[in-house]
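Trainee: First the structure, which I've put down as structure tokens, then a few questions once you've had a look.
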Amino acid sequence: ICADVDLASRYIPAAPILLPDGPWKQIPGGVTAAQGFKAAGIYGGLRAKGEKPDLALVACDVDAIAAGTFTTNIVAAAPVIYCRRLLENSTMARAVLINAGQANAATGDAGYQDTIDCANALAEHLNLRSDRVLIESTGVIGQRIKKEALLRALPKLVDSLSSTVEGADSAAIAITTTDLVSKSIAIETEVGGTTIRVGGMAKGSGMIHPNMA
Amino acid sequence: TMLGVITTDALVASNIWREMVRISVNRSFNQITVDGDTSTNDSVIALASGISGSNKISSFDNYEAHQLQACLDAVMQGLAKSIAWDGEGATCLIEVHVTGAKNETDAAKIARSVASSSLAKAAVYGRDPNWGRIACAAGYAGVDFDLNELQILLGDIPLMSKGQPLPFDRVAASDYLRQAGQTHGTVEIHISIGNGQGSSKGWGCDLSYDYVKINAEYTT
């Protein structure tokens, strides 16, 4: 039930480029533009409707310095609580697993255990320490992740990891929910005489008034 | 919900990277709004692989740190604006630029207050150059400023100066809003509140009938 990575871009178009002007050059690639990063997005059977990709993975070849900002909503989702705890105790991460379909928010202890199980399973597939895996979820509030579907899809997701533009694009599409466009940007510039790249992807369309810390 | 993943191959110390991410998030994702609802899941995770071969950035007190911060700001603002542009039911992006504040924080509060105003957003959807609703939202932002210094422009059309409403071409102002809506473009609102050095931007979108339709059908 996993769609091919190269089919992902057929689902929704990319957002128009809204990059501020500056001493940088926009380049293709999103989260995979920077050296050392791979990404993938596949359909893992989590969405209630359709077969748009719903499972994304961003992985780094080395331990990366990690930072996170998270909602200050007291009713924080299980993956938010999980990541906050992880980043309080570690400055490094190697992978970010993201699902669309279920937000795993307001799901109590069972939802938190689902997050741990997903992180542990991915760490095993990538041969990493489990505290190197971070999790993000989006979708319907009050629903736990379709964990069995997610775990079944992990081998395919890991096999699909790619440092290409297509890898970044498929991941950007897989994290969308009610979004009409996918959001992915990368830039290149020189810092101290060395070329560096910064890239990213995001999702969001409704329930948007972030207040992260 | 908004989610983000940011990557770079720059080499940067952990404490500096975390502070840079905090600053950029405050200048980007924390300055957008679509509907005023703060999600349970909002997250931005930023990873720095360090394998570009660049010198390690270990302090804010150097040019390289400012360059990387500017790049991070740009990528996050680009993504944040895309989210506001894609707001549920939206026909246009609203960019609010505030200048003349005492500091960046005050300017940011006013920008987001205006971008968040349901009445200002509905006016934009109605193609109504309603300077009163913009001024109102600036006034309740929680920032002290002199009303007699308030200036408002819609695009390049002055609507208010020194706290006084100005005569303006209502048809042209309405056409500016209509054009943005028809092309899913950007409506720019410029607000000045004084002579301070603080400036900031906030982003939102107009409020249409479709927003209610989408969320009446998307269950929790």
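Chains A and B are the protein sequences, given in the same order.
Quick note, the first sequence lines up with residues 31 to 243 if you use the numbering used here.
Quick note, the second sequence lines up with residues 1218 to 1437 if you use the numbering used here.
We put the CB at the ideal spot given by N, CA and C, even for glycine.
For clarity, every value in this text was computed on a predicted model and none was experimentally measured.
For S1241/B, which option in S1330/B, A1287/B, C1309/B has the closest C-alpha, if you only look at C-alpha atoms?
Mentor: Locating residue 1241/B in the second sequence gives position 24, where the first residue counts as 1. That would be A1287/B, whose Cα lies nearest to the Cα of S1241/B.
Trainee: Quick check: what's the CA-CA separation for V1292/B versus M1377/B?
Mentor: Here residue 1292/B refers to the residue found at position 75 when the second sequence is read from its first residue. Here residue 1377/B refers to the residue found at position 160 when the second sequence is read from its first residue. If you take the alpha carbons of V1292/B and M1377/B, they lie about 33 angstroms apart.
Trainee: Kindly list, in the order they appear in chain B, the residues whose Cβ is closer than 7 angstroms to that of V221/A.
Mentor: In the first sequence, counting from the first residue as 1, residue 221/A sits at position 191. Those within 7 angstroms of V221/A in chain B are A1227, S1271, E1281, Q1284, L1285.
Trainee: Roughly how many angstroms separate the alpha carbons of R40/A and E196/A, rounded to a whole number?
Mentor: The sequence position of residue 40/A within the first sequence is 10, counting from 1. The sequence position of residue 196/A within the first sequence is 166, counting from 1. Taking the straight line joining both Cα atoms gives about 12 angstroms.
Trainee: Just checking my contact of A204/A with A94/A at CB under 8 angstroms: how many whole Å lie between their CB atoms?
Mentor: Here residue 204/A corresponds to residue number 174 of the first sequence, with the count starting at 1. Here residue 94/A corresponds to residue number 64 of the first sequence, with the count starting at 1. Actually they are not in contact, since the Cβ atoms of A204/A and A94/A sit about 20 angstroms apart, beyond 8 angstroms.
Trainee: Quick test of your reading: R97/A and A1263/B, contact by CB under 8 angstroms. State the CB separation rounded to the nearest angstrom.
Mentor: One-based indexing of the first sequence puts residue 97/A at position 67. One-based indexing of the second sequence puts residue 1263/B at position 46. For the record, residue 97/A in the displayed sequence is Ala; it is not Arg. About 5 angstroms; that satisfies the 8 angstroms criterion.
Trainee: Let me see if you follow: with CB-CB separation under 8 angstroms, is D1423/B close to chain A or not?
Mentor: Within the second sequence, the letter at position 206 stands for residue 1423/B. D1423/B does not count as touching chain A.
Trainee: Looking only at its chain, what residues have a beta carbon closer than 6 angstroms to the beta carbon of D91/A, apart from the 5 residues adjacent to it on each side?
Mentor: On the first sequence, position 61 is the one that residue 91/A refers to. So the qualifying residues of the chain are G66.
Trainee: Examine the Cβ distances between the stretch 1356-1365 of chain B and the stretch 1321-1328 of chain B and report whether three or more of them are shorter than 8 angstroms.
Mentor: Touching, per the Cβ criterion.
Trainee: What did DSSP end up calling C1422/B once you bin it into helix, strand or coil?
Mentor: For the purposes of this step, residue 1422/B is taken as the residue at position 205 of the second sequence. Three-state DSSP puts C1422/B in a strand.
Trainee: For K233/A, which of helix, strand or coil comes out of DSSP?
Mentor: Residue mapping note: residue 233/A aligns to position 203 of the first sequence, counting from 1. Note: K233/A maps to strand in three-state DSSP.
Trainee: Could you pull the DSSP bridge partners for T129/A from this structure?
Mentor: One-based indexing of the first sequence puts residue 129/A at position 99. The amino acid at residue 129/A is misidentified as Thr; the sequence shows Asn. Its beta-bridge partners are L85/A, S167/A.
Trainee: Using a Cβ-Cβ cutoff of less than 8 angstroms, which residues in the same chain neighbour C113/A once the five nearest sequence positions on both sides are dropped?
Mentor: Here residue 113/A corresponds to residue number 83 of the first sequence, with the count starting at 1. Counting only Cβ-Cβ distances below 8 angstroms, and skipping sequence neighbours, we find G98, F100, L164, I165, E166.
Trainee: Give me, in chain order, the residues of the same chain whose beta-carbon lies closer than 6 angstroms to that of N1247/B; leave out the 5 immediate sequence neighbours on both sides.
Mentor: The sequence position of residue 1247/B within the second sequence is 30, counting from 1. Counting only Cβ-Cβ distances below 6 angstroms, and skipping sequence neighbours, we find nothing.
Trainee: When DSSP labels each residue in this structure, what does K1319/B get in the three-state scheme?
Mentor: The sequence position of residue 1319/B within the second sequence is 102, counting from 1. Residue state, collapsed to three classes: coil.
Trainee: Count the other C-beta atoms from every protein chain shown that fall within 10 angstroms of the C-beta of D1373/B, then say buried if there are 16 or more, exposed otherwise.
Mentor: For this step, residue 1373/B is matched to residue 156 along the second sequence. Looking at its Cβ environment, which holds fewer than 16 other Cβ atoms inside 10 Å, D1373/B is exposed.
Trainee: List the residues of chain B whose Cβ lies closer than 8 angstroms to the Cβ of C148/A, in chain order.
Mentor: Counted from its first residue, the first sequence places residue 148/A at position 118. None at all; the shortest Cβ gap to chain B is about 15 angstroms.
Trainee: By how many angstroms is the C-alpha of W1348/B removed from the C-alpha of D34/A?
Mentor: Reading the first sequence from its first residue, position 4 is the one you call residue 34/A. Reading the second sequence from its first residue, position 131 is the one you call residue 1348/B. The predicted position of D34/A is uncertain, since its pLDDT is 48 and thus under 50; a value taken from the coordinates is nonetheless stated next. Those two C-alpha atoms are separated by around 50 angstroms.
Trainee: With distances taken between CB atoms, is the gap from A1454/B to A1337/B smaller than 8 angstroms?
Mentor: Lying before the first or after the last residue shown, residue 1454/B is absent from chain B, which here runs from 1218 to 1437.
Trainee: Find the residues of chain A that neighbour Y1439/B, judging by a C-beta separation of less than 9 angstroms, and give them in chain order.
Mentor: This structure cannot speak to residue 1439/B, because chain B is shown only from 1218 to 1437.
Trainee: Given that a residue counts as buried once 16 or more other Cβ atoms are within 10 Å of its Cβ, and exposed if not, what is K82/A?
Mentor: Your numbering for residue 82/A matches position 52 in the first sequence. So K82/A counts as buried.
Trainee: From the DSSP output, which residues share a beta bridge with G1481/B?
Mentor: With chain B covering only 1218 through 1437, there is no way to say anything about residue 1481/B.
Trainee: Considering only C-alpha positions, which residue in the set D1363/B, S1416/B, C1309/B is nearest to V1404/B?
Mentor: Working through the second sequence from its first residue, we reach residue 1404/B at position 187. Taking only the C-alpha atoms, the option nearest V1404/B is C1309/B.
Trainee: Note down, in chain order, every chain A residue with its Cβ under 9 angstroms from the Cβ of D1363/B.
Mentor: Counting from 1 along the second sequence, the entry for residue 1363/B is found at position 146. Result: empty, since nearest Cβ-Cβ is about 28 angstroms, beyond 9 angstroms.
Trainee: How many angstroms separate the CA atom of A108/A from the CA atom of D84/A?
Mentor: In the first sequence, residue 108/A corresponds to position 78, counting from 1. In the first sequence, residue 84/A corresponds to position 54, counting from 1. Their backbone Cα atoms lie some 18 angstroms apart in a straight line.
Trainee: Check whether the Cβ of T1316/B lies closer than 8 angstroms to any Cβ atom in chain A.
Mentor: Along the second sequence, read from residue 1 onward, the residue named residue 1316/B stands at position 99. So no, T1316/B is outside the interface.
Trainee: Would you check if there are 3 or more beta carbon pairs closer than 8 angstroms linking the stretch 148-155 of chain A to the stretch 1404-1418 of chain B?
Mentor: No: the two stretches stay apart, fewer than three of their Cβ pairs being nearer than 8 angstroms.
Trainee: Classify P1346/B as buried or exposed, calling it buried when 16 or more other Cβ atoms lie within 10 Å of its own Cβ.
Mentor: The residue given as residue 1346/B occupies position 129 in the second sequence. The residue is buried, with at least 16 neighbouring Cβ atoms inside 10 Å.
Trainee: Does V1242/B have its Cβ less than 8 angstroms from a Cβ in chain A?
Mentor: The residue you call residue 1242/B lines up with position 25 of the second sequence. Output row for V1242/B: interface = yes.
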